[in-house]
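Engineer:
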Amino acid sequence: MAGFVQIIEFKTSRIEEIEALGGPSTTEGSRPATFRRIIATADRDHPGTYFTIVEFDSFESAMENSGRPETSEFAAKMASLCDGPLTFHNLDVMREDTGEGAGNG
0 MAGFVQIIEF
10 KTSRIEEIEA
20 LGGPSTTEGS
30 RPATFRRIIA
40 TADRDHPGTY
50 FTIVEFDSFE
60 SAMENSGRPE
70 TSEFAAKMAS
80 LCDGPLTFHN
90 LDVMREDTGE
100 GAGNG
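Residues 0 to 104 (numbering that gives the first Met the number 0) make up the sequence shown, in order.
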């Protein structure tokens with residue numbers, strides 16, 4: 000399998016406060032974070048709706064990252080600033096295309 004992606008969907012009127020939290024990788028933790036990349040996004044069509052996209056090497060590395068006390072603490076702080084529950088989408092990556100080489104021939 001090519002990897003694992005977790006998408007966290009949430010609504011908030013306090014996005015500046017959430018952004019001020021930084022992120023789980025900015026905390027000094029007992030173990031290093033295991034994600035490859037985090038992308039924070041805002042839904043243009045639904046103001047106040049946001050998605051955080053987190054890329055991992057595998058489901059196992061995502062679960063290892065979730066088990067970090069720093070991750071749990073960050074998630075609790077973030078949830079307290081949201082206007083409802085967070086929705087998690089757990090996705091196995093089936094294929095990845097970087098677009099490199101497209102149109103080169």
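By construction, the Cβ of each residue, glycine as well, lies at the ideal position given by its N, Cα and C atoms.
1) Leaving out the 5 sequence neighbours to the left and right, which residues in its chain are closer than 7 Å to residue 30 when beta-carbon positions are compared?
2) Evaluate the contact criterion for the stretch 82 to 92 versus the stretch 31 to 39: three or more CB pairs, one atom per stretch, below 8 Å.
3) Distance, Cα to Cα, residue 54 vs residue 21?
4) With DSSP as the reference, label residue 8 as helix, strand or coil.
5) Which stretch, first to last residue, makes up the beta strand (DSSP E) that contains residue 41?
6) If distances are taken between C-alpha atoms only, which option among 49, 89, 10 and 18 comes closest to residue 59?
7) Once the 5 residues before and after residue 107 are set aside, which same chain residues still bring their CB inside 7 Å of it?
8) Going by C-alpha to C-alpha distance, which of 3, 95, 93 and 14 sits closest to residue 48?
9) Taking the beta strand (DSSP E) that residue 48 falls in, what are its first and last residues?
10) By a C-beta neighbour count over all protein chains shown, 10 Å radius and 16 as the cutoff for buried, is residue 61 buried or exposed?
Structural biologist: According to the structure data:
1) 67
2) no
3) 17 Å
4) strand
5) 34 to 41
6) 89
7) Outside the modelled stretch of the chain, which goes from 0 to 104, sits residue 107, for which no answer is possible.
8) 14
9) 48 to 55
10) buried
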